[in-house]
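*Asks:*
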Amino acid sequence: MNASPDALAQLERDYGLDKPLVVQYVDWLSGAVRGDLGTSMLTGADIASEIGAKATITLPLIALASLFAVLIALPIGMVSALRHRKLDGVALSTTSQLGIAIPTFWMGVMLISVFALRTSLFPAGGFPDEGWSAWTESVRSLMLPAITLGLAQGAVLARFARSATLDVMQQDYFRTARATGMTRAKALHVHGVRNALIPVISVLGVQISTLIVGAIVVENVFALPGIGQMLLQDVAIRDYPKVQGIVVCATAMVFVVGFFIDLAMAAVDPRARRAS
Amino acid sequence: MSLLEVNNLTVSFGDHHVVRNVSFAVQPGEQLGIIGESGSGKSLSMLAIMGLLPEGATVSGSVLFDGQELLQRTDAEMSKFRGKHIGMVFQDPLASLNPLMTIGKQVAQPLINHKIASRKDARLRATELCSLVGLPEPQRMVESYPHQLSGGQRQRVGLAIALACSPSLLIADEPTTALDVTVQQEVLQAIRGLAAAQGTSLIFVSHDLPVVASMVNRVLVLHDGTVVENTSKDQLLRAPQHPHTQRIVASAKQSSALLRQATQSSAQ
Amino acid sequence: MKRNRTLTVGVILIAFSLISTLVGWIWTPYDPLDMNPDVSFARPSFSHILGTDVFGRDVLSNIMIGARSTLIVALVSVFIGIALGAAIGISAALSPAKVRQLTIFGIDIILALPSVLFAIVLAAVYGASTFTATIAIGIALSAAIAQVTRRETTQVLRSDYVAAAKVSGSGTGQIIRLHVLPNILPSLLVQASGAVAIAILAESTLSYLGLGTTPPTPSWGRMLAESQKYLLVDPIVALWPGLVIVLTVLGFNLIGDGLRLSLDPTMKRDAK
Numbered sequence: 001m002n003a004s005p006d007a008l009a010q011l012e013r014d015y016g017l018d019k020p021l022v023v024q025y026v027d028w029l030s031g032a033v034r035g036d037l038g039t040s041m042l043t044g045a046d047i048a049s050e051i052g053a054k055a056t057i058t059l060p061l062i063a064l065a066s067l068f069a070v071l072i073a074l075p076i077g078m079v080s081a082l083r084h085r086k087l088d089g090v091a092l093s094t095t096s097q098l099g100i101a102i103p104t105f106w107m108g109v110m111l112i113s114v115f116a117l118r119t120s121l122f123p124a125g126g127f128p129d130e131g132w133s134a135w136t137e138s139v140r141s142l143m144l145p146a147i148t149l150g151l152a153q154g155a156v157l158a159r160f161a162r163s164a165t166l167d168v169m170q171q172d173y174f175r176t177a178r179a180t181g182m183t184r185a186k187a188l189h190v191h192g193v194r195n196a197l198i199p200v201i202s203v204l205g206v207q208i209s210t211l212i213v214g215a216i217v218v219e220n221v222f223a224l225p226g227i228g229q230m231l232l233q234d235v236a237i238r239d240y241p242k243v244q245g246i247v248v249c250a251t252a253m254v255f256v257v258g259f260f261i262d263l264a265m266a267a268v269d270p271r272a273r274r275a276s
Numbered sequence: 277m278s279l280l281e282v283n284n285l286t287v288s289f290g291d292h293h294v295v296r297n298v299s300f301a302v303q304p305g306e307q308l309g310i311i312g313e314s315g316s317g318k319s320l321s322m323l324a325i326m327g328l329l330p331e332g333a334t335v336s337g338s339v340l341f342d343g344q345e346l347l348q349r350t351d352a353e354m355s356k357f358r359g360k361h362i363g364m365v366f367q368d369p370l371a372s373l374n375p376l377m378t379i380g381k382q383v384a385q386p387l388i389n390h391k392i393a394s395r396k397d398a399r400l401r402a403t404e405l406c407s408l409v410g411l412p413e414p415q416r417m418v419e420s421y422p423h424q425l426s427g428g429q430r431q432r433v434g435l436a437i438a439l440a441c442s443p444s445l446l447i448a449d450e451p452t453t454a455l456d457v458t459v460q461q462e463v464l465q466a467i468r469g470l471a472a473a474q475g476t477s478l479i480f481v482s483h484d485l486p487v488v489a490s491m492v493n494r495v496l497v498l499h500d501g502t503v504v505e506n507t508s509k510d511q512l513l514r515a516p517q518h519p520h521t522q523r524i525v526a527s528a529k530q531s532s533a534l535l536r537q538a539t540q541s542s543a544q
Numbered sequence: 545m546k547r548n549r550t551l552t553v554g555v556i557l558i559a560f561s562l563i564s565t566l567v568g569w570i571w572t573p574y575d576p577l578d579m580n581p582d583v584s585f586a587r588p589s590f591s592h593i594l595g596t597d598v599f600g601r602d603v604l605s606n607i608m609i610g611a612r613s614t615l616i617v618a619l620v621s622v623f624i625g626i627a628l629g630a631a632i633g634i635s636a637a638l639s640p641a642k643v644r645q646l647t648i649f650g651i652d653i654i655l656a657l658p659s660v661l662f663a664i665v666l667a668a669v670y671g672a673s674t675f676t677a678t679i680a681i682g683i684a685l686s687a688a689i690a691q692v693t694r695r696e697t698t699q700v701l702r703s704d705y706v707a708a709a710k711v712s713g714s715g716t717g718q719i720i721r722l723h724v725l726p727n728i729l730p731s732l733l734v735q736a737s738g739a740v741a742i743a744i745l746a747e748s749t750l751s752y753l754g755l756g757t758t759p760p761t762p763s764w765g766r767m768l769a770e771s772q773k774y775l776l777v778d779p780i781v782a783l784w785p786g787l788v789i790v791l792t793v794l795g796f797n798l799i800g801d802g803l804r805l806s807l808d809p810t811m812k813r814d815a816k
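Protein chains in written order, with the working numbering: chain H, 1 to 276; chain Z, 277 to 544; chain F, 545 to 816.
#1: List the residues of chain H whose Cβ lies closer than 9 Å to the Cβ of Pro-519 (chain Z), in chain order.
#2: What does Asp-269 (chain H) reach in chain Z if we use C-beta pairs closer than 9 Å?
#3: Can you tell me whether Thr-821 (chain F) is buried or exposed, with buried defined as 16 or more other CB within 10 angstroms of its CB?
#4: Select from Z:Gln-367, Z:Arg-399, Z:Val-433 and Z:Ala-472 the residue whose C-alpha is nearest the C-alpha of Leu-455 (chain Z).
#5: DSSP state of Asn-493 (chain Z), grouped into three classes?
#6: Which residue from Z:Pro-516, Z:Asn-284 and Z:Val-295 puts its Cα closest to that of Ala-333 (chain Z)?
#7: With DSSP as the reference, label Met-767 (chain F) as helix, strand or coil.
#8: Hey, how far is the Cα of Glu-353 (chain Z) from the Cα of Lys-186 (chain H)?
#9: Is the shortest distance between the beta-carbon of Thr-757 (chain F) and the beta-carbons of chain H less than 8 Å?
#10: According to DSSP, which residues form a beta bridge with Val-256 (chain H)?
#11: With which residues is Arg-358 (chain Z) paired in a DSSP beta bridge?
#12: Please state whether DSSP places Leu-204 (chain H) in a helix, a strand or coil.
#13: Name the two residues that bound the continuous beta strand (DSSP E) containing Glu-281 (chain Z).
#14: Quick check on this structure: which residue in H:Met-230, H:Ala-266, H:Val-247 and H:Val-218 has the alpha carbon closest to the alpha carbon of Ile-62 (chain H)?
#15: Does the distance from the CB of Val-287 (chain Z) to the CB of Leu-320 (chain Z) come in under 8 Å?
#16: Use the C-beta contact count for Ile-447 (chain Z): other C-beta atoms within 10 angstroms, 16 or more gives buried, fewer gives exposed.
#17: How would you call Ile-570 (chain F), buried or exposed, if buried means at least 16 neighbouring beta carbons within 10 angstroms?
#18: Note down the Cα distance separating Ser-589 (chain F) from Asp-602 (chain F), rounded to an integer number of angstroms.
#19: Take the Cβ of Gln-431 (chain Z) as the centre, count every other Cβ of all protein chains shown within 10 Å, and call the residue buried at 16 or more, exposed below.
#20: Would His-499 (chain Z) and Ser-314 (chain Z) qualify as a contact pair, given that the criterion is a beta-carbon distance under 8 Å?
#21: Measure from the C-beta of Arg-178 (chain H) to each C-beta in chain Z and report whether the shortest distance is under 8 Å.
#22: Identify whether Leu-435 (chain Z) lies in helix, strand or coil by the three-state DSSP scheme.
#23: Determine, using beta carbons only, whether Gln-385 (chain Z) comes closer than 8 Å to chain H.
#24: In terms of residue numbering, what span does the beta strand (DSSP E) encompassing Arg-296 (chain Z) cover?
#25: Grab me the residues of Ala-741 (chain F)'s own chain with a C-beta within less than 6 Å of its C-beta, minus the 5 sequence neighbours each way, in chain order.
#26: From the DSSP output, read off the bridge partner residues of Ser-336 (chain Z).
#27: When you check each C-beta in the stretch 587–613 of chain F against every C-beta of chain H, which residues fall closer than 7 Å?
#28: Would you kindly work out how many angstroms separate the C-alpha atoms of Gly-802 (chain F) and Ile-362 (chain Z), rounded to a whole number?
#29: Can you tell me whether DSSP reads His-189 (chain H) as helix, strand or coil?
#30: Here's a check: name, in chain order, each residue in its chain whose Cβ is nearer than 6 Å to the Cβ of Ala-687 (chain F), leaving out the five neighbours to either side.
#31: Between the stretch 630–647 of chain F and the stretch 576–588 of chain F, do at least 3 Cβ pairs fall closer than 8 Å?
#32: For Leu-328 (chain Z), which residues in chain H fall below 9 Å Cβ to Cβ?
#33: Quick test of the definition: if touching needs 3 or more C-beta pairs under 8 Å, does the stretch 108–117 of chain H touch the stretch 204–221 of chain H?
#34: 8 Å is my cut-off, CB to CB: does Met-417 (chain Z) come that close to chain H?
#35: Within the 8 Å Cβ cut-off, does Tyr-752 (chain F) reach chain H?
#36: Per DSSP, what are the beta-bridge partners of Leu-445 (chain Z) in this structure?
Spelled out as structure tokens, the structure:
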């Protein structure tokens, strides 16, 4: 850059970069609390609104992926626990071990190769330019990414579902259920699902930050114009305030999700509810 | 024909034999008590009859229920007997109930499972059963959760669950051991009442002689996995044969003697 | 003594990557950077065991050298993680309550941030490179290790034999050296293998995103990113780097599980 010293100095004053570091930080913090994350160094646009715009793609992606993860993990975990002494139970348990070792980006690439390029079920990437107004196209674009992320998370959750189910099978109320004439499978079906769901949901809460990283990766694999892709672009051009804003939003989201998880727990577990 | 005939029942975990050659019979309408200290194998014998032994256990011998052999049946086959023909109440009332389900749902479950009643009818019957075991406000009870009930109430729910399908045999494994003394009588009363009303045979397992004596007319004494005495209640209390039984009866009599002394001295 | 099947399988799985790294230092079938456009996208054959990529570079050679980058980043970052994590954990366990609470709080904050995100932030400030990736992963790992180390050190410090040692006059340093370290070592080993698996996944993810090993040094993640463009032409090229990653990660995870099973005699129940 060959700007004159005066222009540089003016730029510094504009962005408050001439103030001591601590003052800069406090200024930013007080703005952030009010929802003002400052303006991007490069584009000059409002960071908060840019994040908000891209969030319409990233948030549904994460939500859908979480749903898939639970839907995959619960049956696999429960069946592998039910048949943990038989061959197919061990096979299922090994499969989830394998699932944890598979990098998300590879899973995405493989799924593209099989489902997007061989069949025309799903697009190989991208998101319709018109956004959500092109409803069906948008959903189709999010399917493979959500499945990829869901499979990756599901593998982790399946292990917890399995140990939670094994735990349920050791409980006295499980024995009572069998004493009334239910087979192990039926007893799990009636009594086990909700009890196994509790640890799975709480682990999901802890895994949110991993899901966010997964979303960044998956958006990159499938060329989705979400927060993840934007983040990587900002890193490439070293737009630090923007990166900081995104990380803060991500952290805030972790807390918000934690709150919703608590709500979900109260819904499932009557003992957690305040009023009886 | 006996309702239940157990012959040479042996339960082992590897080389460790916890139940050794236990044999006894229960007639229709009879109440049998099984006494033994912890570790005597009484609970495991009952679990063996129900086919609910923990993993790693090996069973041998014969258990005939109504003439049909129960041992070596598959889990699916046994599930047809459990709840429908043989019911069981366990020791820990809170742990034995699913904390996430309402009482009504849990009592109705056996009726629905064994296709005795539709979902709706089962719920109605559940409310009935709750009042039969002496629970207050059955309508409200049916919508409550286990943690909202007292220990005695929970155990009565357990009883309702076990007797929901009117089985011909009820096995009660230390049902009052985990309860306060004041509450014990209510539960024992409920067992006596409902069992009599349905004509259910009873096996009452406990380490507590006075409690067992109040419930049964015949007693089996288990010690270290084997049967050491098998007599009527009166015979047991009056003239116990085996040294172990004599010790149990003696200490029980001593406790009640002490209590009588204390009552007399405080009355003076 | 029963053979530890999990451990054995784990070692077998990582054998390929380890051997590739060691052999690759001296020899690879071809120069991984050697471009031969006329043999691009060759099918696996005797001359090119895993085929070639878009520029005619031998896939096997690239994977062998890529193993080196990934493993070095993984091992160095795990080393950082353990050294830093154990130090923080042990000192937190020894600190007075207020300092300890503060440290736990700090650990929790870093713990909430996954290593890849941390590396991304670091890359935004200092630019992306193998170095920033290694540091970022190392710091992220240290948080988890610090947490577990702190808990275990506290347990050791509460034990009777440490109390006896204190009574007979042993100083803090001695207690750490003679009692704490030997007792937490098994758990550190187990954590280390798990951490290597995480680090490998993190490094390859970062390389895939273009934030890790810079070209032209071969790396598994970047190989995958490049092959993605040509999936329609040759999907097999995308298979190999991913496969090696899966096998190596699975291997280290199994080694960790196997170590846990053989080092903890009190655990009779199924650990998985």
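All residues carry an ideal CB built from backbone N, CA and C; glycine is no exception.
*Replies:* Reading it off the structure:
#1: Under the 9 Å cutoff, chain H gives no residues; its nearest Cβ is about 35 Å from Pro-519 (chain Z).
#2: Result: Pro-375 and Leu-376.
#3: A question about residue 821 (chain F) goes unanswered here, because the residues of chain F that appear run from 545 up to 816.
#4: From the listed residues Z:Gln-367, Z:Arg-399, Z:Val-433 and Z:Ala-472, the smallest Cα separation to Leu-455 (chain Z) is found for Z:Gln-367.
#5: DSSP places Asn-493 (chain Z) in the coil class of the three-state scheme, outside both helix and strand.
#6: Checking every option, the nearest Cα to that of Ala-333 (chain Z) belongs to Z:Val-295.
#7: Helix.
#8: Approximately 13 Å between the Cα atoms of the pair.
#9: No, no contact with chain H.
#10: The partner list for Val-256 (chain H) (beta bridge, DSSP) is empty, contrary to what the question assumes.
#11: DSSP, once it has assigned bridges, lists Z:Ile-362 as partnering Arg-358 (chain Z).
#12: In the structure shown, Leu-204 (chain H) sits in a helix (DSSP, three-state: H, G or I).
#13: Looking at the DSSP string, the run of the beta strand (DSSP E) that includes Glu-281 (chain Z) is 280–289.
#14: Distance check between Ile-62 (chain H) and each of H:Met-230, H:Ala-266, H:Val-247 and H:Val-218 places H:Val-218 closest, using alpha-carbon atoms only.
#15: Cβ atoms of Val-287 (chain Z) and Leu-320 (chain Z): closer than 8 Å.
#16: Under this definition Ile-447 (chain Z) is a buried residue.
#17: Under this definition Ile-570 (chain F) is an exposed residue.
#18: CA-to-CA, the gap between Ser-589 (chain F) and Asp-602 (chain F) works out to about 11 Å.
#19: A residue is called buried when at least 16 other Cβ atoms come within 10 angstroms of its Cβ; Gln-431 (chain Z) meets this threshold and is buried.
#20: No.
#21: True, the Cβ-Cβ gap to chain Z drops below 8 Å.
#22: Reduced to three states, the DSSP call for Leu-435 (chain Z) is helix.
#23: Yes, Gln-385 (chain Z) counts as interfacial toward chain H.
#24: Unbroken beta strand (DSSP E) run through Arg-296 (chain Z): 292–302.
#25: Here the set comprises Val-793, Phe-796 and Asn-797.
#26: DSSP, once it has assigned bridges, lists Z:Thr-286 as partnering Ser-336 (chain Z).
#27: Of all residues in the stretch 587–613 of chain F, none places a beta-carbon less than 7 Å from a beta-carbon of chain H.
#28: The alpha-carbon separation between Gly-802 (chain F) and Ile-362 (chain Z) amounts to approximately 44 Å.
#29: Note: His-189 (chain H) maps to helix in three-state DSSP.
#30: Cβ within range, chain order: Ile-651, Ile-654 and Leu-655.
#31: No contact exists between the stretch 630–647 of chain F and the stretch 576–588 of chain F.
#32: The answer, in chain order, is Arg-175, Arg-178 and Ala-179.
#33: Yes, they touch.
#34: Chain H places no beta carbon closer than 8 Å to that of Met-417 (chain Z), leaving this residue out of the contacts.
#35: Yes, its Cβ sits closer than 8 Å to a Cβ of chain H.
#36: DSSP, once it has assigned bridges, lists Z:Ile-362 and Z:Ser-477 as partnering Leu-445 (chain Z).
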